[in-house]
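For the record, the sequence lines run as chains A and B.
Just so we're aligned, residue -13 is where the first sequence starts under the working numbering, counting upward by one.
Just so we're aligned, residue 5 is where the second sequence starts under the working numbering, counting upward by one.
Don't be surprised by glycine CBs; every beta carbon is placed ideally from N, CA and C.
Single-structure report; data block below.
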Amino acid sequence: MSDSNTQASAYWKENLAIIIKIMVVWFVVSFGFGILLVDELNAITLGGYKLGFWFAQQGSIYVFVVLIFYYAKKIEQLDEKYDVHED
Amino acid sequence: MDLQTLTYTVVGATFLLYIGIAIWARAGTTGEFYVAGKGIGPIQNGMATAADWMSAASFISMAGLIAYMGYGGSVFLMGWTGGYVLLALLLAPYLRKFGKFTVPEFIGDRYYGNSARIVAVICLIIASVTYVIGQMKGVGVAFSRFLETDYDTGLYIGMTIVFIYAVLGGMKGITYTQIAQYCVLIFAYTVPAVFISLQLTGNPIPQLGLGSAMADGSGTFMLDKLDLVIQDLGFGEYSEAKRLSTLNMFAYTMSLMIGTAGLPHVIIRFFTVPKVRDARTSAGWALVFIAILYTTAPAVGAMARLNLMDTIQIGEVGSPEGNLAYEDRPQWFKNWEQTGLLQFEDKNGDGRIQHYNDKNPEMAAKAATFGWAGDEMVKVDRDIIVLANPEIAKLPNWVIALVVAGGLAAALSTAAGLLLAIASSISHDLLKGIIMPDISEKNELMASRVAMAGAIAVAGYLGLNPPGFAAGTVALAFGLAASSIFPALMMGIFSTKMNKEGAIAGMVAGIAVTLFYVFQHKGIFFIADWKYLESWGSNWFFGIEPNAFGFVGAIVNFAVAFAVDKVTPEPPQHIQQLVLDVRTPRGAADAVEH
C-alpha cells in the first residue's frame, strides 16, 4: 500500500515537473515574446515580419502545437516507466 | 450563373450534406445524444473539436477585428489557441479518466454535493448563452448577406435553422456533421486567402505572404505598406498598435486562454475519446486543425484592410480626386449597405468617400484643411470584412459563394455544440441529476430540446442588439468561463485538499466580480439601457476592458477559494482518494455510455 502510494506520488511529481517546463515555454513565446517584450523584438525583422509581431500572430501558435505533442510523448514514457499506462 | 444563384446552390448543397449526415446518424439513446458513444479516434475527434471550436467568431469576425486592430488583434490569435495547451496539460486527460458526461457532473462529484453542481450549472449557462449571442450575431450577418435582407431578418431566419439543426442532430450526428463542416469551412477560409495572397504578394501561402514584399514591383513589404497607408489616414501603426495597453493585452489573452479550458462544449469533446492517451493527443490534433485557420487569419485581416483602404483611397491623401466617388462604389459596397452593416454619410457633400481616423486630433486638423468633415464610413461593422473580403479583392463568384457557405458552417456547428451543452446542463445536470432523478429517458430528451429552444430564443433576442462584434461578445463568454469553471476544475485535480466550501465560494466570487464589471459596461444582461455606475467611466480597473476581465475574475476565484478552504474542514478521505485516482491513466473506464 505505502509502496504504491510513494510510486504514485513520484509519478505525479515527475509529471508536474514536465508540465511546469512546458508551461514556461508556453508563457515565454506568447506572453513574453508576443506581448511583454514585443517592442524590443520588433527591432529584429524576419522578412517583412517584425519578430515580436510574428510571435504574436504566427510563431506562438506553431509552438503551442509542438508543445502539446511533446507533452503527449513525454507523459506516455512516464506512464510506462511507472507502469500506470492503459493496456 | 449570377452570384446570388451560385450562393444559393453552394449553401444549399452543403446544407443537404450536413442534414443528410445528421439524419443518417440520428441519435437513438440519451448517451449518444450527448457524447456520441465511444470509438471516435483522436484525429477525427480533433477535427470535430476544431469545427466545434471555430465559430462565427473565428471565421466571420476575428480577421475583421484584426484588420482594424492590427497587432492588438493578436489577443484573439494567441488566446484562442494557447488555451489548448492548458487543456491538454491540465484538464483533458484527468477529466477523461474521471469519465462522466458533463462538467457539472465532475464538479458535483469532486466537491461532493449538489450545491457545487448547481453553481457550476448556473455559471455554465451564463457563459454559454453569452457565447450563443455572439454566434447569433455572426449568423445574422451571414444570413442577411446571403439572403440580401437586413440584419434582423437574417437573424430570425438563422435562429430557426440553428434550432432545427441542433434538435435533429444530437451529438452523434454532430460529430460526423462537424467533420464535414470542418472541411467546408477550412476550404472556404483558405481558398480566398491563397488567391489574395497571390494577388498582393505573389506568394500563394498566406502565412508567408503576410511577411513578403508587394508584387507590384516596388519591393516594399506588405506590412510596411499597410503601416504607411493607414498611418497616412491617422490610424495607428498596423504592426505595432496595442490594444489599449500591454497590461490589457496580457489580461485579454490570459482570459481567452483559461476560458478555452473552461468552456463545456470543448471539454465535453474529451469525454468521447476511447482512452486517456487519446484525450492528450486529441487536443493536439484539434489545435493542428485550428492553427490552419488561425495562422491564416492575420493574413486575411491585413490584406483585407489594405484592399479596403485602396478601394476607397484611390489616390493621394488630400487631393480632391484621391477618394472614390460614391456613385462609383463597387457592387459589394451596395450589397452590404443593404444589410445596414455598412453605412456611408456624405458629411462634406462632395460626393466622395473619405475614410480616416477622425478621432486622431492631428489627423482631424489635417483633414479639415482638405475640406473633409469627418469619417464618412459611419458604420463599418467589423463582422462583414471576412465575408466581403473576396468581393473586395474581385475574386470569382464561386469563391464568394464558398465563403458564405463556410461562414454558415462555422456559425451553425458551434451554435449547435453550445446548445447541446446548455441542454445537457439543464436536462441532465439539473433535472435528472437533482430535481427529478427518476425522469424517463424520453422525457429527459424532450426537456433538453425545450431547453435548446429557450436558449435560442433568449440568445436570438439579445443578438438583435449584441453587446459587441461577434468575436468581442464571444470573448465575454470566455471571460465568464475563465472566472468560474476553470479554477474549480484545476483545483479539483491539482489539489487534494480543496474542499467544497472553497470551490463554491471561489466560483461565486469569480463570476460575480466579472459579471459586475461586464454588466457595468454593457448593461445588465447586455441590455444597454440597464447600465449602472456609469460615472465610474470605462475600463476603470487598471485600464482593463470588460472583455479581458475574466483574468481578474479567475484570480479572485483562486484567492477566495484558497482563503475559504483554509478555514473550513478538509474534504472527506474518499474524495482525496478520488483525486489521486484521477491522476493516473490506468483503469479508465470505457468512454461513457449510460
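Delimiting residues of the alpha helix (DSSP H) encompassing residue i
i	result
Glu349/B	Segment: none, Glu349/B is in no alpha helix (DSSP H) and carries neither H nor E.
Ile438/B	Here Ile438/B belongs to no alpha helix (DSSP H), and DSSP marks it neither H nor E.
Met51/B	Pro46 to Trp57
Phe254/B	Thr250 to Thr264
Leu267/B	Premise fails: Leu267/B is in no alpha helix (DSSP H) and is neither H nor E.
Gly112/B	Val107 to Arg114
Ser428/B	Asn401 to Ser428
Glu335/B	Checking the sequence shown, residue 335/B turns out to be Gln, not Glu. That run of the alpha helix (DSSP H) goes Gln335 to Thr343.
Gly38/A	Leu37 to Trp40
Met495/B	Ala474 to Phe498
Arg386/B	Arg386/B -> no alpha helix (DSSP H), and no H or E assigned at all.
Pro210/B	Pro210 to Gly213
Asp228/B	Met226 to Asp236
Tyr521/B	Lys504 to Lys526
His578/B	Gln577 to Val586
Ala61/B	Ala61/B -> no alpha helix (DSSP H), and no H or E assigned at all.
Thr80/B	As written in the sequence, residue 80/B is Phe, which differs from the Thr given in the question. Segment Ser78 to Leu90, the alpha helix (DSSP H) holding Phe80/B.
Asp87/A	Outside the shown range of chain A, which is -13 to 73, sits residue 87/A, and nothing can be said about it.
Leu53/A	Ser46 to Lys67
Asn561/B	Gly554 to Val571
Glu366/B	Pro365 to Phe374
Arg356/B	No alpha helix (DSSP H) holds Arg356/B; DSSP gives it neither H nor E.
Lys101/B	Ala96 to Phe102
Anticipated Cβ contact below 8 Å, residue i with residue j, distance rounded
i	j	result
Ala219/B	Thr205/B	5 Å
Ile61/A	Arg284/B	7 Å
Thr153/B	Val408/B	That pair is no contact at about 14 Å.
Gly74/B	Tyr242/B	4 Å
Glu549/B	Asn252/B	6 Å
Ala475/B	Ser65/B	4 Å
Ile272/B	Ala425/B	6 Å
Trp455/B	Ser431/B	Residue identity differs from the one stated: residue 455/B is Ala in this sequence, not Trp. The Cβ separation is near 6 Å, so the contact holds.
Thr257/B	Val79/B	5 Å
Gly266/B	Ala485/B	4 Å
Val11/A	Leu53/A	6 Å
Phe199/B	Val403/B	7 Å
Tyr155/B	Gly344/B	5 Å
Tyr628/B	Phe63/B	Here chain B has residues from 5 to 598 only, and residue 628/B is not among them.
Glu341/B	Gln335/B	In fact, because the Cβ distance is near 11 Å, the residues do not count as touching under 8 Å.
His525/B	Leu422/B	Rounded, the Cβ-Cβ distance is 23 Å, inconsistent with contact.
Lys279/B	Ala593/B	Rounded, the Cβ-Cβ distance is 11 Å, inconsistent with contact.
Inset, instruction - Pull out every residue of the segment 62 to 73 of chain A whose Cβ sits closer than 7 Å to any Cβ of chain B, in chain order. - result: Cβ contacts with chain B: Glu62, Asp65, Val70, His71 and Glu72.
Legend entry - Validate contact between the segment 50 to 60 of chain B and the segment 288 to 302 of chain B using beta carbons, cut 8 Å, 3 pairs: Contact between the segment 50 to 60 of chain B and the segment 288 to 302 of chain B is present, because at least three Cβ pairs lie under 8 Å.
Legend entry - Any 3 or more C-beta pairs closer than 8 Å across the segment 72 to 88 of chain B and the segment 320 to 335 of chain B: Two segments are said to touch when three or more pairs of C-beta atoms, one from each, lie closer than 8 Å; by this definition the segment 72 to 88 of chain B does not touch the segment 320 to 335 of chain B.
Inset, instruction - Pick out the complete alpha helix (DSSP H) segments inside the segment 130 to 196 of chain B, 4 residues or longer, and give them in chain order. - result: Annotation: the segment 130 to 196 of chain B contains no complete segment of the alpha helix (DSSP H) (minimum length 4 residues).
Inset, instruction - Take every Cβ of the segment 306 to 318 of chain B, pair it with every Cβ of the segment 379 to 392 of chain B, and state whether three or more of those distances are shorter than 8 Å. - result: Remark: three or more beta-carbon pairs, one from each stretch, lie closer than 8 Å, so the segment 306 to 318 of chain B and the segment 379 to 392 of chain B are flagged as touching.
Legend entry - Proximal residues, the segment 88 to 103 of chain B versus chain A, C-beta separation under 7 Å: Flagged, chain order: Tyr88, Val89, Ala92 and Leu93.
Inset, instruction - Scan the segment 271 to 304 of chain B and note each continuous alpha helix (DSSP H) run of 4 residues or more that stays entirely inside, going in chain order. - result: DSSP runs (the alpha helix (DSSP H)) wholly in the segment 271 to 304 of chain B: none.
Legend entry - Given 8 Å, three or more beta-carbon pairs between the segment 504 to 521 of chain B and the segment 556 to 563 of chain B: Between the segment 504 to 521 of chain B and the segment 556 to 563 of chain B there are three or more inter-stretch CB-CB distances shorter than 8 Å, so the stretches are counted as touching.
Inset, instruction - With 7 Å as the C-beta to C-beta threshold (strictly closer), list the residues of the segment 258 to 291 of chain B near chain A in chain order. - result: Look at the segment 258 to 291 of chain B: the residues with a C-beta under 7 Å from a C-beta of chain A are Lys279, Val280, Arg281, Arg284, Thr285, Ala287, Gly288 and Leu291.
Inset, instruction - Can you give me, in chain order, the residues of the segment 290 to 323 of chain B that have a beta carbon less than 8 Å from any beta carbon in chain A? - result: Within the segment 290 to 323 of chain B, the qualifying residues are Leu291, Val292, Ala295, Tyr298, Thr299 and Pro302.
Legend entry - Stretch-stretch touch, CB-based, cutoff 8 Å, three pairs: the segment 33 to 48 of chain A with the segment 13 to 24 of chain A: With a cut-off of 8 Å, the segment 13 to 24 of chain A and the segment 33 to 48 of chain A count as touching, because enough Cβ pairs lie within range.
Inset, instruction - Count the C-beta pairs between the segment 577 to 589 of chain B and the segment 491 to 508 of chain B that are closer than 8 Å, then say yes if the count reaches three, no if not. - result: The segment 577 to 589 of chain B, when compared against the segment 491 to 508 of chain B, does touch it at the 8 Å Cβ threshold.
Legend entry - At least three beta-carbon pairs within less than 8 Å, the segment 364 to 383 of chain B to the segment 155 to 163 of chain B: At 8 Å Cβ cutoff, the stretches do not touch.
Legend entry - Three or more C-beta pairs below 8 Å linking the segment 29 to 36 of chain A and the segment 63 to 73 of chain A: With the rule of 3 Cβ pairs closer than 8 Å, the segment 29 to 36 of chain A does not count as touching the segment 63 to 73 of chain A.
Legend entry - chain A contacts from the segment 220 to 234 of chain B (Cβ-Cβ distance under 8 Å): Taking a C-beta cut-off of 8 Å against chain A, the contacting residues of the segment 220 to 234 of chain B are Phe225, Met226, Leu227 and Asp228, listed in chain order.
Inset, instruction - Using a Cβ-Cβ cut-off of less than 8 Å, give me the residues of the segment 6 to 23 of chain A that come near chain B, in sequence order. - result: Legend: CB atoms of the segment 6 to 23 of chain A lying less than 8 Å from CB atoms of chain B belong to residues Ile8, Met9, Trp12, Ser16, Phe17, Gly20, Ile21 and Leu22.
Inset, instruction - Decide if the segment 135 to 143 of chain B is in contact with the segment 458 to 478 of chain B; the criterion is three or more beta carbon pairs, one per stretch, under 8 Å apart. - result: Enough Cβ pairs lie closer than 8 Å, so yes.
Inset, instruction - Kindly provide the ranges of any beta strand (DSSP E) runs that are 3 or more residues long and lie completely inside the segment 444 to 469 of chain B, ordered along the chain. - result: With a minimum length of 3 residues, no continuous beta strand (DSSP E) run stays inside the segment 444 to 469 of chain B.
Legend entry - Members of the segment 68 to 89 of chain B that neighbour chain A once the beta carbon cut-off is set at 7 Å: Here the close residues are Tyr75, Ser78, Leu81, Met82, Thr85, Gly86, Tyr88 and Val89.
Legend entry - Where the segment 244 to 257 of chain B meets chain A: residues whose CB sits under 8 Å from a CB there: Within the segment 244 to 257 of chain B, the residues whose Cβ lies closer than 8 Å to some Cβ of chain A are Glu244, Thr250, Met253, Phe254 and Thr257, listed in chain order.
Legend entry - At least 3 beta-carbon pairs within less than 8 Å: the segment 228 to 242 of chain B vs the segment 518 to 532 of chain B: They do not touch, by the three-pair rule.
Inset, instruction - Could you list the residues in the segment 39 to 57 of chain A with a C-beta less than 8 Å from some C-beta on chain B, going in chain order? - result: Within the segment 39 to 57 of chain A, the qualifying residues are Phe39, Trp40, Ala42, Gln43, Gln44, Ser46, Ile47, Tyr48, Phe50, Val51, Leu53, Ile54, Phe55 and Tyr57.
Inset, instruction - Check distances from the C-beta atoms of the segment 557 to 588 of chain B to those of chain A and list, in chain order, the residues that come in under 8 Å. - result: If the cut-off is 8 Å between Cβ atoms, the segment 557 to 588 of chain B has Leu584, Arg587 and Thr588 near chain A.
Legend entry - Short-range partners of chain A found in the segment 50 to 68 of chain B, where Cβ spacing is below 7 Å: Look at the segment 50 to 68 of chain B: it has no residue with a C-beta under 7 Å from a C-beta of chain A.
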